[in-house]
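Just so we're aligned, residue 3 is where the sequence shown starts under this note's numbering, counting upward by one. All C-beta atoms, glycine included, are put in the ideal place defined by N, C-alpha and C. Presented below is the structure to which this report refers.
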Amino acid sequence: MSLEKYKAKRDFTKTSEPDGKVEKKNSFNFVVQEHHARRLHYDLRLQLGGVLKSWAVPKGVPASSAHKRLAVQTEDHPVKYLTFQGTIPEGNYGAGEMSIFDAGTFIPVDENEEPITEKQALTNLEKGELKFLLHGDKLNGGYVLVNMKKDEKNWLIIKHKSKAAAVTLKKQNRFTRTYTKVENPIKPMLATLSEKAFNDKEWVFEIKWDGYRSIAENEKGKVKLYSRNGIDFEERFAVIIPELKKIKQDCILDGEIVWLQEDGQPDFQQLQNYDPAIKGQLVFMLFDLLQLKGKDTTGLTLLQRKELLNELIPKNKILRYCEHITDRGQTFYKEVQQLGLEGIIAKKVDSIYELGKRSKNWLKIKHTHTDDVIVIGYTEPKGGRSYFGSLILGRKDGRTLKFAGHVGTGFNDKTLKNIYDLLQPLIIPKKIIKENPQLNGKTTWVKPVLLAEIKFTEKSTAGIYRHPVFLRLRDDMIETTALPKKKTVKKEKTTKEKRIKESIKAGKYSVPVTNTDKIFWPKQKITKGDVIAYYDAVSSYLVPHLKNRPLSLKRNPNGIKDKGFYHKDAGENVPEYVKVHKHKNDQKVIDYIMCNNKATLLYLANLGCIEMNPWNNRYNKEDKPDWLALDLDPGDHNTFKQVVKVAQKIKELLDECLLSGYCKTSGASGLHIYIPLAAKYDYDTVKNFGNLCMNLIAKQLPKIATTERTIKKRGKKIYLDYLQNRPGQTLASVYSLRPVPDATVSMPIDWEELTADLSPKQFTIYNAQERMEKKGDLFKLVLKETNDLGKALSLLEKALE
Numbered sequence: 003m004s005l006e007k008y009k010a011k012r013d014f015t016k017t018s019e020p021d022g023k024v025e026k027k028n029s030f031n032f033v034v035q036e037h038h039a040r041r042l043h044y045d046l047r048l049q050l051g052g053v054l055k056s057w058a059v060p061k062g063v064p065a066s067s068a069h070k071r072l073a074v075q076t077e078d079h080p081v082k083y084l085t086f087q088g089t090i091p092e093g094n095y096g097a098g099e100m101s102i103f104d105a106g107t108f109i110p111v112d113e114n115e116e117p118i119t120e121k122q123a124l125t126n127l128e129k130g131e132l133k134f135l136l137h138g139d140k141l142n143g144g145y146v147l148v149n150m151k152k153d154e155k156n157w158l159i160i161k162h163k164s165k166a167a168a169v170t171l172k173k174q175n176r177f178t179r180t181y182t183k184v185e186n187p188i189k190p191m192l193a194t195l196s197e198k199a200f201n202d203k204e205w206v207f208e209i210k211w212d213g214y215r216s217i218a219e220n221e222k223g224k225v226k227l228y229s230r231n232g233i234d235f236e237e238r239f240a241v242i243i244p245e246l247k248k249i250k251q252d253c254i255l256d257g258e259i260v261w262l263q264e265d266g267q268p269d270f271q272q273l274q275n276y277d278p279a280i281k282g283q284l285v286f287m288l289f290d291l292l293q294l295k296g297k298d299t300t301g302l303t304l305l306q307r308k309e310l311l312n313e314l315i316p317k318n319k320i321l322r323y324c325e326h327i328t329d330r331g332q333t334f335y336k337e338v339q340q341l342g343l344e345g346i347i348a349k350k351v352d353s354i355y356e357l358g359k360r361s362k363n364w365l366k367i368k369h370t371h372t373d374d375v376i377v378i379g380y381t382e383p384k385g386g387r388s389y390f391g392s393l394i395l396g397r398k399d400g401r402t403l404k405f406a407g408h409v410g411t412g413f414n415d416k417t418l419k420n421i422y423d424l425l426q427p428l429i430i431p432k433k434i435i436k437e438n439p440q441l442n443g444k445t446t447w448v449k450p451v452l453l454a455e456i457k458f459t460e461k462s463t464a465g466i467y468r469h470p471v472f473l474r475l476r477d478d479m480i481e482t483t484a485l486p487k488k489k490t491v492k493k494e495k496t497t498k499e500k501r502i503k504e505s506i507k508a509g510k511y512s513v514p515v516t517n518t519d520k521i522f523w524p525k526q527k528i529t530k531g532d533v534i535a536y537y538d539a540v541s542s543y544l545v546p547h548l549k550n551r552p553l554s555l556k557r558n559p560n561g562i563k564d565k566g567f568y569h570k571d572a573g574e575n576v577p578e579y580v581k582v583h584k585h586k587n588d589q590k591v592i593d594y595i596m597c598n599n600k601a602t603l604l605y606l607a608n609l610g611c612i613e614m615n616p617w618n619n620r621y622n623k624e625d626k627p628d629w630l631a632l633d634l635d636p637g638d639h640n641t642f643k644q645v646v647k648v649a650q651k652i653k654e655l656l657d658e659c660l661l662s663g664y665c666k667t668s669g670a671s672g673l674h675i676y677i678p679l680a681a682k683y684d685y686d687t688v689k690n691f692g693n694l695c696m697n698l699i700a701k702q703l704p705k706i707a708t709t710e711r712t713i714k715k716r717g718k719k720i721y722l723d724y725l726q727n728r729p730g731q732t733l734a735s736v737y738s739l740r741p742v743p744d745a746t747v748s749m750p751i752d753w754e755e756l757t758a759d760l761s762p763k764q765f766t767i768y769n770a771q772e773r774m775e776k777k778g779d780l781f782k783l784v785l786k787e788t789n790d791l792g793k794a795l796s797l798l799e800k801a802l803e
């Protein structure tokens, strides 16, 4: 594989695209990038042979089996391109905006949808046909790339009705994973920690596997697989499911999911980042049987249960019976130590299975002290370290939490960043523990829901860990019961803003949403989910102002710190409930989205559209705007009081001309004034009237207002913009959020509210909904009223005379 063509086409002193090399190790990752170059298209990239095999897909990767799409093969890209998004500057190859549409993992497969090796996949690709299973946030299931032969660059990408789609494998990232719980999970029997190994004929000894304790239920071919805390593993370890279905009898099994390297050693870190492409084997080590053929077996002795289990399990690489030895616990423990394994489990041969109980009939004997602790905060970094200095630890004591020390070693740069990112949405204003411990830096407290595994030398009498070292986050045991009962916690005062934020967060959405925890406003910790919740809550006020109007989509998928990009063409993958208007412009047809219902509004919010920008006209009235918009746009040197003064002068002018007008904050730093017209006039007439009005105001307020477009010539004056009254021009809609600090909203105001005390910052995501419910839609008459511009012009002329 080579990247020579890729590098020859790029000047890396001018473009921020990664300059990479062919990787030695491969993971089956994929990315689909949305590329706004000369024309919008999508780039599909599959990680194979140490590079990204790449295709340009003009109409996007098909989401259903009803479509075949052209895919034009391009040069190989470096693996670092998996995460690239941004602007490729003008004059460079592929110039334009690029963002990540979808990403995840894929599995190359054969005709029977069985996984194949990377070498086989490359051979199939060379022959002109590659089948694979995608598992991303948006794209899932079976696909095939087929070369069209006439031109080796031209391929077809086809979506298959994949029988294996339900068990496709995803490379899970434990720091962003969504945890779902199964209903009525079975609580397994747990072992008690013991200090020393021993010999005893009444006990058997098993390896203590370093993996995820799991319960499997198989009833009439329906399988459940979940952690000891009930977290669903069915999708995460999907490869186990068909093997469990091969068991002919209904049963409930107990075991440990383990990742074994090629040398047979378990690797918990690889298990957490499970990737079928890495050499090794995912194994479900089974050591107990709770139910067989619908009959409870927990009352049988351990050896009776294990005998039935051994007979039940089919022989294959994934499901394995956990062997044991009798009596010789000390010898077995030494052998386990030499192999570098975690320890052993001792079990009494005549013991029954005690559901949900930590029993002394099962003992775990480790050669290192480890424990699971609750993360309750972190300290600021010092020296050359980034993100945080140490994690503050807590432990349960009945229904309360107690301080258990802090851990600052065992991290690398990657885990520091990943854990820090995970903790940000969990930040709380004050500690939840009663103690006031001495800590080694400024402290940030977090909700106590994450468990970390540490190793340590000993515990003090107060329960403080000595010499702790961080090992990993236990993502199979997310803590859900760490918070004390409500009656034991002093009730915290809640501000009006907090109550409203909580109420809009409680909404259930009519469309699929993703990445709701992504931070859009870092300072306030406002998330993408908050944006979706806001639009869900105010849709009845906003949608009427967007209905049947083409939208110019401004997308900020990474929040307000990213300048974002404009997106016009809807593409072919929009849901059925999204209405599209085909508009011919400069010899090309653009499919504009129209927001005619709440589902579309939430779809747009999920795309990262923080603000909504509708045309002034409806799709069936192409040259007839429904309003005249006057935009008061201040510069850095203007105060908002000056903007208010200009708006008050415009109100006086409207009154003289017998025109009704309605004012709203822009949501940023200015004001917008709308004059309803009900599609009576064409754009030229409306624009010319706006020009006349703004020039009159500029002459009356020459020190603070101007119609001069260029920033250099307008100086320190407010720009009176009437040019928004042209086809295709947009302003942020009333009730729209804006991607600016403070999460402000474009809010209509009564003219009586237009005073020197007014500030655009007083209307935010926190209080906008409450204001709408109190005031109603102050802009509703913009959609119903009309004005007579001819009569207004006559009155203006008389006033000027």
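Contact check for Asn598 against Lys584 fails: the beta carbons are separated by 9 Å or more. For the pair Gly465 and Leu395, the Cα-to-Cα distance works out to about 11 Å.
Here the stretch 226-237 makes no contact with the stretch 352-361; the two share fewer than three CB pairs at distances below 8 Å. In the three-state scheme derived from DSSP, where H, G and I count as helix and E and B as strand, Ile699 is classed as helix. Take Arg740, set aside five residues on each side of it, and the residues of its chain with a beta-carbon closer than 8 Å to its own are Ile612, Glu613, Ser668, Gly669, Ala670, Ala734, Thr746, Val747 and Ser748, in chain order. Setting aside the 5 residues that flank it on each side, Ile751 is surrounded in the same chain by Cys665, Lys666, Thr667, Leu760 and Leu780, each with a C-beta closer than 8 Å to its C-beta; the list follows chain order.
Annotation for Lys419: Ser388 and Tyr389 place their beta carbon closer than 8 Å to its own, counting only its chain and skipping 5 residues before and after. The alpha-carbon of Glu460 is positioned some 28 Å away from that of Trp205.
Counted as a single uninterrupted DSSP element, the alpha helix (DSSP H) harbouring Glu128 occupies residues Glu120 to Lys129.
Three or more beta-carbon pairs drawn from the stretch 211-219 and the stretch 255-262 are found closer than 8 Å, and the two stretches are therefore classed as touching.
DSSP, reduced to helix, strand and coil, places Phe691 within a helical segment of the structure shown.
The three-state reading of DSSP puts Ile354 in coil, since its state is none of H, G, I, E or B. Pro514 and Gly138 have their C-alpha atoms roughly 14 Å apart.
With distances taken between CA atoms, Gly792 lies nearest to Tyr683 out of Leu785, Tyr724, Asn560 and Tyr683.
Taken atom to atom, the span from the alpha-carbon of Tyr543 to that of Met774 is near 8 Å. Distance between His639 and Arg716, taken at the CA atoms: about 11 Å.
Taking C-alpha positions only, Gly130 is separated from Tyr568 by approximately 36 Å. Relative to Asp265, the option among Leu147, Trp523, Gly342 and Leu783 whose CA is nearest is Gly342. Looking from the CA of Lys82, the closest CA among Leu127, Asp21 and Thr89 belongs to Asp21.
Pairing Asp352 with Arg230, the inter-Cα distance amounts to about 23 Å.
Contact between the stretch 786-800 and the stretch 647-667 is present, with at least three C-beta pairs closer than 8 Å. In summary, Ile429 is exposed, with fewer than 16 beta-carbon neighbours lying within 10 Å of its beta-carbon over all protein chains present. Secondary structure at Met614: coil, using DSSP grouped into helix, strand and coil. Counting only unbroken stretches of 4 or more residues, the alpha helix (DSSP H) elements lying wholly within the stretch 234-273 are 242-247, in sequence order. Glu115 has its alpha-carbon roughly 42 Å from the corresponding atom of Tyr537.
Distance from Ile159 to Val33 at the Cβ level is roughly 15 Å; contact not present, criterion being Cβ atoms closer than 8 Å. With fewer than 16 other CB atoms across the displayed protein chains lying within 10 angstroms of its CB, Lys295 is exposed. Closest option to Asn619, judged by alpha-carbon separation, among Lys563, Lys705, Leu302 and Gln731: Gln731. Here Leu291 is buried. Its C-beta has 16 or more other C-beta atoms within 10 Å.
Rounded to whole angstroms, the separation of the alpha carbons of Pro80 and Gly96 is 16 Å.
Comparing alpha carbon positions, the residue from Arg474, Tyr145, Ala649 and Gly52 closest to Ile706 is Ala649.
Cβ atoms of Asp104 and Lys140 come within 8 Å of each other, at about 4 Å. For Lys362, the CB contacts under 7 Å within the same chain, skipping 5 residues up- and downstream, are Thr194 in chain order. Straight-line spacing of the CA atoms in Ile528 and Phe522 works out to 6 Å. Separation of Ile254 and Tyr44 (C-alpha to C-alpha, rounded to the nearest whole angstrom) is 46 Å. Taking 9 Å as the cut-off, the Cβ atoms of Gly610 and Lys718 do not count as close.
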